[in-house]
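> Sequence order for the protein chains is A and B.
First residue of the first sequence: 1, per the working numbering; consecutive thereafter.
First residue of the second sequence: 159, per the working numbering; consecutive thereafter.
Note that beta-carbon positions come from the ideal geometry of N, C-alpha and C, so glycine has one too.
Since the model is a prediction, treat every value here as computed from it, not as a measurement.
Let me give you the structure first, and then I'll get to my questions.
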Amino acid sequence: MSFEPKILSILCNWCSYTGADLAGTARMKYPPNVIGVRVMCSGRVDPGFVLDALRLGADGVLVCGCHPGDCHYVEGNYKCMRRIPLLKNLLQGLGIDPNRLRLEWVSASEGGRFQEVVTEFTEQIRALGPFKPQEWSFNPVETVAPHHERIAAKAVPA
Amino acid sequence: MKGSRQRRFRHDYCIQAGGHVSKPKLAIYWAASCGGCDIAILDIETKILDVADFFDLALWPCAADFKYKDVRALPDKSITLTLFNGAIRSSENFEIAQLLREKSVVLCAFGSCASDGCIPGLANLTTRQDIWDYVYLKSPSVDNPQGIMPQTLCQVPEGVITIPEMWNTVRPLTQVVDVDYIIPGCPPQSDKIAEVVGAVIDILKNGKPLPPKGTVLGAGEKTCCDECQRSKDVKKITKFIRPFEIVPDPNLCLIEQGIVCCGPATRSGCGAKCVSAGVPCRGCYGKPVNVRDQGAKMVSALASVIESKDPKEIENIIAAIPDPVGTFYRFSLPESMLRRAQV
Ligand code: SF4
Ligand code: SF4
Ligand code: SF4
Numbered sequence: 001m002s003f004e005p006k007i008l009s010i011l012c013n014w015c016s017y018t019g020a021d022l023a024g025t026a027r028m029k030y031p032p033n034v035i036g037v038r039v040m041c042s043g044r045v046d047p048g049f050v051l052d053a054l055r056l057g058a059d060g061v062l063v064c065g066c067h068p069g070d071c072h073y074v075e076g077n078y079k080c081m082r083r084i085p086l087l088k089n090l091l092q093g094l095g096i097d098p099n100r101l102r103l104e105w106v107s108a109s110e111g112g113r114f115q116e117v118v119t120e121f122t123e124q125i126r127a128l129g130p131f132k133p134q135e136w137s138f139n140p141v142e143t144v145a146p147h148h149e150r151i152a153a154k155a156v157p158a
Numbered sequence: 159m160k161g162s163r164q165r166r167f168r169h170d171y172c173i174q175a176g177g178h179v180s181k182p183k184l185a186i187y188w189a190a191s192c193g194g195c196d197i198a199i200l201d202i203e204t205k206i207l208d209v210a211d212f213f214d215l216a217l218w219p220c221a222a223d224f225k226y227k228d229v230r231a232l233p234d235k236s237i238t239l240t241l242f243n244g245a246i247r248s249s250e251n252f253e254i255a256q257l258l259r260e261k262s263v264v265l266c267a268f269g270s271c272a273s274d275g276c277i278p279g280l281a282n283l284t285t286r287q288d289i290w291d292y293v294y295l296k297s298p299s300v301d302n303p304q305g306i307m308p309q310t311l312c313q314v315p316e317g318v319i320t321i322p323e324m325w326n327t328v329r330p331l332t333q334v335v336d337v338d339y340i341i342p343g344c345p346p347q348s349d350k351i352a353e354v355v356g357a358v359i360d361i362l363k364n365g366k367p368l369p370p371k372g373t374v375l376g377a378g379e380k381t382c383c384d385e386c387q388r389s390k391d392v393k394k395i396t397k398f399i400r401p402f403e404i405v406p407d408p409n410l411c412l413i414e415q416g417i418v419c420c421g422p423a424t425r426s427g428c429g430a431k432c433v434s435a436g437v438p439c440r441g442c443y444g445k446p447v448n449v450r451d452q453g454a455k456m457v458s459a460l461a462s463v464i465e466s467k468d469p470k471e472i473e474n475i476i477a478a479i480p481d482p483v484g485t486f487y488r489f490s491l492p493e494s495m496l497r498r499a500q501v
């Protein structure tokens, strides 16, 4: 089966969610790979949300907020603008391609832009392939039999 | 919490078959540990005499010679308290963790290695194979032309020699067995250890209820910043600097001077010891209450002091933090959301 990326998009209430809504009501076509979650402001996007999404099976995370200067809460999107690159560095250090995370500004009137961004990002993630976090939970395979039992069980190499 | 659900130490834990009263048993164990936690216990000074007076030692490899088989021979739940330090990175660590869980009434993850994975947990940035290749083949001080690698089983004329199996991923104790309490810190501060030990002795002597399972002992509820005496002016910065590059102002928050300090993402409890000595907090008390990932919290905290609205400039400012993973997760990578690097 071909790989269909699972993408979480976190959208700010005032611009990007409305933009995505506009894309929908205008019947613009875009890949069905994104699942949108609405937050009040891109400044609310805790870096932990992104790590959690990756941990729980997302292949990519798209964060969308109002264009700089347009934030409903004045400064929220600047906070996001400062967090995302540092978070990308953190992802890189954890051996995760930082291109799995993307920040875009989409205003309420930019349905077309949302369509473009989603299409492009889906292709980008498709090219990167699935993200399978290794061993984020306890892996019983590694719980080899206790030491003294192993000795009895294993053939001893000469 | 309902009274009926509270666990109490009943006196018969201290009464042996036959009716004569014996002392409660204490075990102190090190798994993948540096030994610092054991030293921190000895550092409680004269209080160590109270401990020796009140408890019988069942196991303390750092201080006395005990055999695992003696511990195996004990009945289940016959050790009243186990302070377990060190992370789990080998079959031996795991086996003894399971053994001590069975034998102990109360099992405490003692220190950052046992609670969060700590420094040994930074091995999760790579793989067992890469570590072995470096240590046994590539390190400049190694001379191993035949490429001899450790074997878990080895036949010699006298019989079979075995060593434990090293795991690919380091885990805190809390991820492999059921843990009752956590005492954080690398190592936990001695005054806090003395406090906790004093409280335990009090509980045992007077039959008081135990704190709810999962309680973090010897630490606070807030962040290191809360205990820090430095003044916070909410000043913004335009560049990060390394601690050796300046002599920091002794009264001003280090982050506001451009030094990466993990205080905002670290549990209080140590009394902000490092920070008051002019050294940034590295985060050894682990994540504060309600924070799930220390690194993610540090990303938020540092991003919020950057003074810039220009993406290029922001990138340049954060480029001055050379190793975000090693800095933000220095003590907590195995307990972070992703547990290890993807390699
Ligand atoms: S927590 Fe720190 S002091 Fe204790 S064993 Fe681990 S590295 Fe050593
Ligand atoms: S960031 Fe560091 S220096 Fe600043 S208040 Fe917090 S602990 Fe103190
Ligand atoms: S200041 Fe930070 S690193 Fe230093 S002892 Fe306290 S919690 Fe640990």
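Verify the CB distance criterion: does A/I96 have a CB-CB separation below 7 Å to chain B?
Walking along the first sequence from the start, residue 96 of chain A turns up at place 96. So, interface residue.
> Does any heavy atom of ligand 2 sit closer than 6 Å to the C-beta of B/C428?
By one-based count along the second sequence, residue 428 of chain B stands at place 270. Incorrect: B/C428 has no Cβ contact closer than 6 Å to ligand 2.
> By a C-beta neighbour count over all protein chains shown, 10 Å radius and 16 as the cutoff for buried, is A/A152 buried or exposed?
Counting from one through the first sequence, the residue named residue 152 of chain A turns up at place 152. Its pLDDT being 48, under 50, A/A152 is placed unreliably in this model, and the coordinates cannot settle the point.
> Does B/A189 have its Cβ less than 7 Å from a Cβ in chain A?
Looking up residue 189 of chain B in the second sequence gives position 31. It does not: the Cβ of B/A189 has no partner Cβ on chain A nearer than 7 Å.
> Starting from A/G78, trace the alpha helix (DSSP H) both ways and give me its first and last residue.
Counted from its first residue, the first sequence places residue 78 of chain A at position 78. Checking the displayed sequence, the identity of residue 78 of chain A turns out to be Tyr instead of Gly. Element bounds for A/Y78: G76 to G93.
> Name all residues in chain order for which at least one heavy atom of ligand 1 lies closer than 6 Å to the residue's CB.
Residues with a Cβ closer than 6 Å to any heavy atom of ligand 1, in chain order: B/S191, B/C192, B/G194, B/C195, B/N243, B/G244, B/G269, B/S270, B/C271, B/C276, B/I277, B/C344 and B/P345.
> So which residues on chain A does B/V483 lean against when the C-beta distance must stay under 7 Å?
In the second sequence, residue 483 of chain B corresponds to position 325, counting from 1. Simply L90, G93 and L94.
> Which residues in chain A sit within 7 Å of B/V501, going by Cβ to Cβ distance?
On the second sequence, residue 501 of chain B is found 343 positions in, with the first residue counted as 1. In chain order: G95.
> So, with DSSP's three-state summary, where would you put B/S162?
On the second sequence, residue 162 of chain B is found 4 positions in, with the first residue counted as 1. Confidence is the limiting factor: at B/S162 the pLDDT is only 43, short of 50, which leaves the residue's position unreliable, though a coordinate-based value still follows. DSSP places B/S162 in helix when its eight states are reduced to three.
> Using alpha carbons as the reference points, say which of A/V61, A/V117 and A/V106 lies closest to A/E91.
If you number the first sequence from 1, residue 91 of chain A lands on position 91. The residue you asked about is not Glu; residue 91 of chain A is Leu in the sequence shown. Of the candidates A/V61, A/V117 and A/V106, the one whose C-alpha sits nearest the C-alpha of A/L91 is A/V61.
> Let me check you understand the geometry: is the CB of B/V418 closer than 6 Å to at least one non-hydrogen atom of ligand 3?
Here residue 418 of chain B corresponds to residue number 260 of the second sequence, with the count starting at 1. Checking every heavy atom of ligand 3 against the Cβ of B/V418, none is found closer than 6 Å.
> Should B/K445 be flagged as near chain A, meaning a C-beta pair shorter than 7 Å?
Within the second sequence, numbered from 1, the residue matching residue 445 of chain B stands at position 287. For B/K445, the answer is no, since every Cβ of chain A falls outside 7 Å of its Cβ.
> Can you confirm whether A/P133, when its beta carbon is compared against all beta carbons of chain B, has any partner nearer than 7 Å?
Position 133 of the first sequence, counted from the first residue, corresponds to residue 133 of chain A. A/P133 counts as touching chain B.
> Can you tell me where the beta strand (DSSP E) holding A/C12 begins and where it ends?
Indexing the first sequence from 1 puts residue 12 of chain A at position 12. Residues I7 to C12.
> Kindly indicate if chain B contains any beta-carbon less than 7 Å away from that of A/Y73.
The residue given as residue 73 of chain A occupies position 73 in the first sequence. So no, A/Y73 is outside the interface.
> Measuring straight from C-alpha to C-alpha, what distance separates A/R100 and A/I125?
Position 100 of the first sequence, counted from the start, is the residue given in the question as residue 100 of chain A. Position 125 of the first sequence, counted from the start, is the residue given in the question as residue 125 of chain A. Cα to Cα, A/R100 sits roughly 6 Å from A/I125.
> Does the distance from the C-beta atom of A/L11 to that of A/C66 stay below 7 Å?
As a first step, residue 11 of chain A is located in the first sequence; it is residue number 11 there, counting from the start. As a first step, residue 66 of chain A is located in the first sequence; it is residue number 66 there, counting from the start. Going by C-beta atoms, A/L11 is not nearer than 7 Å to A/C66.
> Looking at B/C442 and ligand 3, is the gap between the Cβ and the nearest heavy atom below 6 Å?
Sequence index remark: in the second sequence, residue 442 of chain B carries index 284 (1-based). Yes, Cβ of B/C442 sits closer than 6 Å to a heavy atom of ligand 3.
> Counting Cβ pairs closer than 8 Å, one from the region 391–400 of chain B and one from the region 305–318 of chain B, do we hit at least three?
At 8 Å Cβ cutoff, the stretches do not touch.
> Check distances from the C-beta atoms of the region 52–86 of chain A to those of chain B and list, in chain order, the residues that come in under 8 Å.
Answer set for the region 52–86 of chain A: D52, L54, R55, P68, Y78, K79, M81, R82, R83, P85 and L86.
> Run down chain B in chain order and give the residues with a C-beta less than 7 Å from the C-beta of A/P47.
In the first sequence, residue 47 of chain A corresponds to position 47, counting from 1. The answer, in chain order, is A454, V457 and S458.
> By DSSP, does B/S389 sit in helix, in strand, or in coil?
On the second sequence, position 231 is the one that residue 389 of chain B refers to. It is a strand residue.
> Between B/R440, B/Q387 and B/A430, which lies nearest to B/I277 when the distance is taken from Cα to Cα?
Residue mapping note: residue 277 of chain B aligns to position 119 of the second sequence, counting from 1. The candidate whose alpha carbon is nearest that of B/I277 is B/R440.
> Tell me whether B/L460 counts as near ligand 2, meaning its Cβ is closer than 6 Å to at least one heavy atom of that ligand.
Mapped onto the second sequence, residue 460 of chain B falls at position 302. Incorrect: B/L460 has no Cβ contact closer than 6 Å to ligand 2.
> Count the CB pairs spanning the region 396–406 of chain B and the region 468–487 of chain B that are closer than 8 Å, and state whether there are at least three.
Yes, they touch.
> Going by DSSP, name the residue or residues bridged to B/D214.
Here residue 214 of chain B refers to the residue found at position 56 when the second sequence is read from its first residue. Answer is B/K183.
> Does the distance between the C-beta of B/L412 and the nearest non-hydrogen atom of ligand 2 fall short of 6 Å?
Locating residue 412 of chain B in the second sequence gives position 254, counting from the first residue. Yes, Cβ of B/L412 sits closer than 6 Å to a heavy atom of ligand 2.
> Just list the residues that DSSP pairs A/M40 with in beta bridges.
Stepping through the first sequence from its first residue, residue 40 of chain A is reached at position 40. Answer is none; A/M40 lacks a bridge partner.
> If you draw a straight line from the alpha carbon of B/E253 to that of A/W105, how long is it in whole angstroms?
To locate residue 253 of chain B, count along the second sequence from 1; it is residue 95. To locate residue 105 of chain A, count along the first sequence from 1; it is residue 105. Straight-line Cα distance between these residues: approximately 52 Å.
> Within a Cβ cutoff of 6 Å, which residues of the same chain sit near A/Y30, ignoring the five residues on either side of it in sequence?
For this step, residue 30 of chain A is matched to residue 30 along the first sequence. Once the five neighbours on either side are set aside, the close Cβ partners of A/Y30 are Q115, V118 and T119.
> Could you tell me which chain A residues have their CB closer than 8 Å to the CB of B/F242, listed as they occur along the chain?
Taking the second sequence and counting its residues from 1, the one referred to as residue 242 of chain B is at position 84. By Cβ distance, chain A contributes nothing, its closest Cβ being about 17 Å from B/F242, past 8 Å.
> Short check: CB of B/P342 to CB of B/A377, under 7 Å?
Within the second sequence, the letter at position 184 stands for residue 342 of chain B. Within the second sequence, the letter at position 219 stands for residue 377 of chain B. Their beta carbons are under 7 Å apart, which means B/P342 touches B/A377 by this criterion.
> Can the beta-carbon of B/S348 be found closer than 7 Å to that of B/D201?
In the second sequence, the residue the question calls residue 348 of chain B occupies position 190. In the second sequence, the residue the question calls residue 201 of chain B occupies position 43. Yes.
> Would you call A/S137 buried or exposed, if buried means 16 or more other Cβ atoms sit within 10 Å of its Cβ?
Residue 137 of chain A sits at position 137 when you count from the first residue of the first sequence. Annotation note: pLDDT 48 at A/S137 (below 50); position unreliable, coordinate value reported separately. It is exposed - the Cβ of A/S137 has fewer than 16 other Cβ atoms within 10 Å.
> In chain A, what lies closer than 9 Å to B/S462 by C-beta?
Locating residue 462 of chain B in the second sequence gives position 304, counting from the first residue. Residues of chain A passing the Cβ test: K79, R82 and R83.
> Return yes when at least one heavy atom of ligand 2 lies under 6 Å from the C-beta of B/V447, else no.
One-based indexing of the second sequence puts residue 447 of chain B at position 289. Every heavy atom of ligand 2 is 6 Å or more from the Cβ of B/V447, so no.
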